[in-house]
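Engineer: Following this message is one structure expressed as C-alpha cells.
There are 2 protein chains.
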Amino acid sequence: MTKSLLPATGAWRTGDPAGNRQFFTIAVDRPFALDGATSLTHVTTAFETWGALDDSASNAILICHAWTGDSHAAGQAGRGHVAAGWWDDIIGPGKPIDTNRWFVVCANVLGGCQGSTGPASTHPVDDKPYGSRFPVITIRDMVRVQARLADHLGVDVWHSVIGGSMGGMQVLEWGITYPHRVRSLVPIATCAQATAQQIAWGAIGRRAILLDPRWRSGDYYDAEPGDGPWEGLAVARMVAQVTFRSDNVFTDRFGRELADGATLKDGFEMWQRFEVERYLDHHGDKLIRRFDTNSYLIIGKAMDLHDVGRGRNGLVSAIARIRVPTLTMGIWSDMLYPSYQQRQIRDLLVSAGTACEYVEIDSPHGHDAFLINLDQVAPPIEAFLDSVAKQ
Amino acid sequence: MTKSLLPATGAWRTGDPAGNRQFFTIAVDRPFALDGATSLTHVTTAFETWGALDDSASNAILICHAWTGDSHAAGQAGRGHVAAGWWDDIIGPGKPIDTNRWFVVCANVLGGCQGSTGPASTHPVDDKPYGSRFPVITIRDMVRVQARLADHLGVDVWHSVIGGSMGGMQVLEWGITYPHRVRSLVPIATCAQATAQQIAWGAIGRRAILLDPRWRSGDYYDAEPGDGPWEGLAVARMVAQVTFRSDNVFTDRFGRELADGATLKDGFEMWQRFEVERYLDHHGDKLIRRFDTNSYLIIGKAMDLHDVGRGRNGLVSAIARIRVPTLTMGIWSDMLYPSYQQRQIRDLLVSAGTACEYVEIDSPHGHDAFLINLDQVAPPIEAFLDSVAKQ
C-alpha cells in the first residue's frame with residue numbers, strides 16, 4: 001500500500017477496502033489499450049453496488065461520478081469513507097433511485113485515487129507508484145473500463161447511465177460507444193465537448209500545480225509526510241471551487257466580511273483573508289486530505305480532452321449514434337457548464353430523431369446545484385427511469 | 392535605478408523618463424498618510440498630459456487606468472512605452488476626447504511600476520527596494536495622490552474623471568472624496584464595492600504568486616535576471632485574462648484547436664497545449680516583461696478592498712455624496728464586473744437625486760470591451776462631455 005503523504009490524517013484509499021466497496025481487476029494478462037495509443041496493465045476498478053440485480057439483469061443503473069468524486073455515491077460515512085455518499089439523498093431503499101427496485105453501481109474512474117488504478121498506484125514493472133509515468137487518459141478510457149466491469153457484473157444493458165459534470169461526459173460516451181448497452185441516459189450539467197473557457201480553467205489549475213516545487217514533476221510519492229504538492233492542488237481547487245458556485249450565492253454567503261471576525265478598522269494586511277478566501281482555503285484543505293494531486297491533473301486533462309465528436313466525424317454524427325431516450329438537465333446559474341450546453345445536447349438528439357427532454361434546475365447555486373438541489377434533481381430522474389421501464 | 396530582473400528585454404520604468412512623461416513628487420518633507428494607518432515618504436507620481444489647460448483651468452479631464460495600465464493613455468509607442476496608448480483611439484487631436492479642446496491627464500497609480508512609487512521603488516531609509524515593506528494601499532490612496540497632482544497642475548476642478556475597471560473605482564472615489572473638485576464622472580465596467588467573487592478571483596492570483604518560490608515573500612529584487620517570480624505572476628494573469636474575456640469569444644477564437652498546429656491523432660501529452668492555453672501563456676509572457684509582481688499584488692489587493700461605503704455609513708450614503716452628472720457604462724458579456732453593478736451605481740445615484748445615465752455596450756468581448764469596442768465607448772463619452780460643458 002502506498003505510504004501516506006497527506007498533511008494530517010488523510011490517506012488515499014488505493015488498495016484499502018472499505019464499506020461494501022469491491023475491486024475488479026482487468027487486463028492482468030495483456031495490456032488494456034488506451035485512447036491515447038498507450039496501454040496499462042493490471043487495471044483495477046473500485047466499485048460499490050446497492051440493491052440486487054434481477055433475474056433478467058434488466059434493472060441495473062450506472063452512476064458516474066465527477067472530478068473528485070468516488071464510488072461512494074450512497075451510504076453512510078465510515079471506514080474509508082470520510083463522508084456519506086455524494087448522492088445519498090437520492091440513492092437508497094425507498095429513495096428516488098430506489099435500491100429496492102434498481103441495482104445501482106458506481107465505480108471510481110480510471111485515473112482516480114479512491115481504489116481504482118491511477119498515478120498513485122504501483123507500476124507492475126517496479127512496484128513503485130506510476131507518478132509521472134501514468135499515461136494521459138480520456139473519458140472514453142474511463143467508460144471502456146466500466147464496460148469491462150459491466151461484463152464482470154453480468155450487466156449486458158444498463159437501464160440507465162446517470163451522472164453530472166464529468167459524470168455526464170461518461171454518460172454521453174456510454175451512449176455513443178455502446179449504444180446497444182444502454183436503455184436510457186441522464187447527462188446533467190455537462191457538455192458534448194469542452195469549450196476553450198473550460199479548458200482555460202483547467203489549464204490554470206494545471207499550471208498552479210506545476211508551480212508547486214513539491215509536485216516534483218509528478219514523482220513526489222517518496223516525499224516525507226507534509227512535503228507533497230498540497231499547496232498547488234489547493235490553488236487549483238480554488239479555481240474550480242469559484243467556477244462550481246455563483247456570484248450571487250457568494251455575495252449572499254460571504255459578502256465583504258473578513259475571516260475570523262476581523263475588521264478593517266485597524267489597517268490592512270496583504271494576507272488578511274476575506275471570508276470568501278477562508279471558504280476557498282477550507283475547500284482546498286478538505287481536498288488535499290482525500291485526493292491525490294496527480295489524479296487531479298490526469299482527470300482534469302481527460303475533461304479538457306472531452307469531445308464526443310473526436311474521430312467520429314464531429315459532434316452531429318457522434319450524437320446521432322445515441323438511440324435511446326435521454327433526459328438532460330441544466331442549471332441556469334451554472335457558469336462552468338452553462339445551460340446552453342445541455343440544450344445543445346437536447347437539440348442535437350432531437351434533430352437526430354432521438355427523444356430527449358431538457359429540464360432546467362432553478363437554483364442560484366451554480367454548477368454544484370446538481371449536488372445541492374436534490375429536491376429538483378431527483379423527481380425528473382425518478383419519473384424518467386419509470387417511464388423508460390414502461391416503454 | 393532598479394536593476395532589471397526581467398526575463399529578457401523588458402524593464403520597469405521606475406525613474407526612467409520616456410516620451411512626454413513627467414514626474415511629480417509629493418511629501419518629501421513629511422509622511423503622506425495612507426488609508427491603512429501607515430504612511431509613505433517621497434511619493435512620486437508619473438503622469439502624462441495632452442492638450443493645454445485653458446486660462447480658467449476649466450477644461451481638464453483626468454483619465455484613470457486599470458490594474459496593469461499606466462500613464463500612457465494616448466500617444467505612440469516609443470522609448471519607455473512598449474505600445475501605443477491604451478486609449479489612443481479615443482484621446483488625441485480631433486478624437487472623441489479631443490485634445491484640441493481638453494487638457495487630458497493620466498497618472499500611473501500609487502503602488503504601480505510605471506514611474507510612480509510602488510514596491511519596486513527605493514525605500515528612503517536604506518535606498519533598497521521596498522519589496523515586502525511596501526504598505527497595503529487603497530483606491531482612496533491612489534485618488535488622494537492624484538488630488539495632489541491636480542493641485543500641482545493648477546486644476547481645482549476636473550471637467551470629468553473617466554476610467555474603466557479599476558479606473559472606474561478611482562472615478563467613484565473622486566466623486567465621493569472630492570465632490571467639489573469634479574464637474575462630472577464616467578465610471579465604466581466597474582463597481583461600488585468588490586464582491587466576494589471578485590475577491591475570490593483576486594485571491595487565486597495572490598495565492599499563485601505566493602506559491603512561486605522565486606517570489607521570496609516579496610523581496611526578490613536582488614535576484615539574478617530570470618530568477619524573479621514570473622511564473623507566479625503569469626498564472627495570476629491567466630486567471631485575470633479568462634475573467635477579462637468571455638466564453639463565446641474564446642469559443643469563436645480558439646475552439647478546441649491545439650497550439651502550434653498539432654493534432655490529437657498521435658496521442659495525448661499532459662503538457663501539450665490547446666490554443667487557448669497558448670493565448671493565456673502569451674498574455675502572461677507579455678505581462679511579466681513589463682510589470683512588477685509586487686505591484687500586481689498591491690494593486691490587486693487595493694481592488695479587493697474597494698468599497699466606497701467603508702467608513703461612510705455604507706453604500707447609499709457614500710454614493711449620495713456624489714453631486715455631479717454621471718455617465719456609467721456596462722458590458723452585457725462582462726463576467727468580472729457584471730452590468731448589474733453599473734446599473735446599481737445608476738440606481739443609487741438616481742435615488743439620491745443625481746443625474747445618471749447608464750449605457751450598455753453591446754459587445755461579446757467581456758470586460759475588456761471597454762478597451763476593444765471603442766466605437767461604442769467613445770460616442771456616449773464625447774456627447775456627455777459636451778453636454779456637461781453646456782450646463
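If you're matching them up, the sequences are chains A and B in order.
Each residue of the first sequence is one higher than the one before, counting from 1 in this note's numbering.
Each residue of the second sequence is one higher than the one before, counting from 392 in this note's numbering.
We treat Cβ as the ideally placed atom computed from N, Cα and C, and that holds for glycine.
Just so you know, these numbers come straight off a predicted model, no measurement behind them.
1. My understanding is that A:Gln197 touches B:Asp638, with C-beta atoms under 8 Å, so please give their C-beta distance in whole angstroms.
2. Mind checking whether A:Val182 and A:Val161 have CB atoms under 8 Å apart?
3. What separation, rounded to the nearest whole angstrom, lies between the Cα atoms of B:Glu773 and A:Arg214?
4. Establish whether the CB of B:Ile595 and some CB of chain A are separated by less than 8 Å.
5. How far does the alpha helix (DSSP H) with A:Val242 in it reach, from first residue to last?
6. Examine chain B for any beta-carbon lying closer than 8 Å to the beta-carbon of A:Phe268, and answer yes or no.
7. Our contact map puts A:Ile199 next to A:Ala318 with C-beta atoms below 8 Å; I'd like the distance itself, whole angstroms only.
8. Measure from the alpha carbon of A:Tyr178 to the alpha carbon of each residue in A:Thr293, A:Arg253, A:Ser165, A:Arg148, then state which is nearest.
9. Does the Cβ-Cβ distance between A:Leu211 and B:Glu615 come in under 8 Å?
10. Using the three-state DSSP reduction, which class does A:Ile372 fall into: helix, strand or coil?
11. By how many angstroms is the C-alpha of B:Arg681 removed from the C-alpha of B:Ser395?
12. In the DSSP assignment, what are the bridge partners of B:Glu439?
13. Within the same chain, show all residues whose beta-carbon is closer than 8 Å to that of B:Leu649, passing over the 5 residues directly before and after it, in chain order.
14. Restricting to Cα atoms, I'd like to know which of A:Gln22, A:Arg21, A:Thr41 is closest to A:Arg30.
15. Taking 8 Å as the threshold (beta carbon to beta carbon), is B:Pro398 in contact with chain A?
16. Determine the chain A residues that contact B:Lys692 at a beta-carbon separation under 8 Å, and present them in chain order.
17. Using 8 Å as the cut-off, can you tell me whether the region 674-694 of chain B makes contact with the region 452-469 of chain B, which would need three or more C-beta pairs spanning the two stretches below that distance?
18. I want to check one thing, is the minimum distance from the CB of B:Leu624 to the heavy atoms of the ligand NAP below 7 Å?
19. Could you tell me the boundaries of the alpha helix (DSSP H) in which A:Ala352 lies?
20. Which of the three DSSP states is assigned to A:Ala389 in this structure?
21. Please name the residue in B:Ile763, B:Asp672, B:Ala746, B:Cys504 whose C-alpha comes closest to that of B:Ser754.
22. Is there at least one Cβ from chain A nearer than 8 Å to B:Leu762's Cβ?
23. Quick test of your reading: A:Leu297 and A:Met238, contact by CB under 8 Å. State the CB separation rounded to the nearest angstrom.
24. Helix, strand or coil for B:Ile772, going by three-state DSSP, please let me know.
25. To the nearest angstrom, how far is it from the Cα of B:Thr642 to the Cα of A:Thr195?
26. With DSSP as the reference, please indicate the residues paired to A:Phe24 in a beta bridge.
27. Ignoring anything shorter than 3 residues or poking outside the region 536-615 of chain B, list the beta strand (DSSP E) runs there in chain order.
28. Run down chain A in chain order and give the residues with a C-beta less than 8 Å from the C-beta of B:Glu668.
29. Would you verify that the beta carbon of A:Phe32 is, or is not, closer than 8 Å to some beta carbon of chain B?
30. Can you give me the Cβ contacts of A:Ile345 inside the same chain, cut-off strictly under 6 Å, excluding the 5 residues immediately before and after it?
31. Can you give me the C-alpha to C-alpha distance between B:Ala769 and B:Leu776, rounded to a whole angstrom?
32. Skipping 5 residues on each side, what residues in its chain have a beta carbon closer than 7 Å to that of A:Lys301?
33. Quick one: which chain A residues come within Cβ less than 7 Å of B:Asp603?
34. Please list the residues of the region 637-654 of chain B that have a C-beta atom closer than 7 Å to any C-beta atom in chain A, keeping them in chain order.
35. Is it buried or exposed, B:Gly596, if we count other Cβ atoms within 10 angstroms and call 16 or more buried?
36. Consult DSSP for B:Glu648 and reduce its assignment to one of helix, strand or coil.
Structural biologist: Taking the structure as given:
1. 4 Å
2. yes
3. 54 Å
4. yes
5. 230-244
6. yes
7. Not quite, the Cβ-Cβ distance comes to about 19 Å (not below 8 Å), so this is no contact.
8. A:Arg148
9. no
10. helix
11. Because the pLDDT at B:Ser395 is just 32, under 50, the model does not fix this residue reliably, and the value given afterwards should be weighed accordingly. Straight-line Cα distance between these residues: approximately 11 Å.
12. B:Cys497
13. Leu655, Gln663, Arg664, Phe665, Glu666
14. A:Thr41
15. Legend: pLDDT at B:Pro398 = 37, less than 50; position of this residue unreliable, value from coordinates given subsequently. So no, B:Pro398 is outside the interface.
16. Phe268, Met270
17. yes
18. Ligands are entirely absent from the displayed structure, and the ligand NAP is therefore not among its contents.
19. Counting along the chain, A:Ala352 falls outside any alpha helix (DSSP H), and DSSP gives it neither H nor E.
20. helix
21. B:Ile763
22. no
23. Rounded, the Cβ-Cβ distance is 16 Å, inconsistent with contact.
24. helix
25. 6 Å
26. A:Thr45
27. 551-555, 576-579
28. Ile199, Ala200, Ala203
29. no
30. Ala192, Thr328
31. 11 Å
32. Val136
33. Leu211
34. Asp638, Phe641, Thr642, Phe645, Gly646, Arg647
35. buried
36. coil
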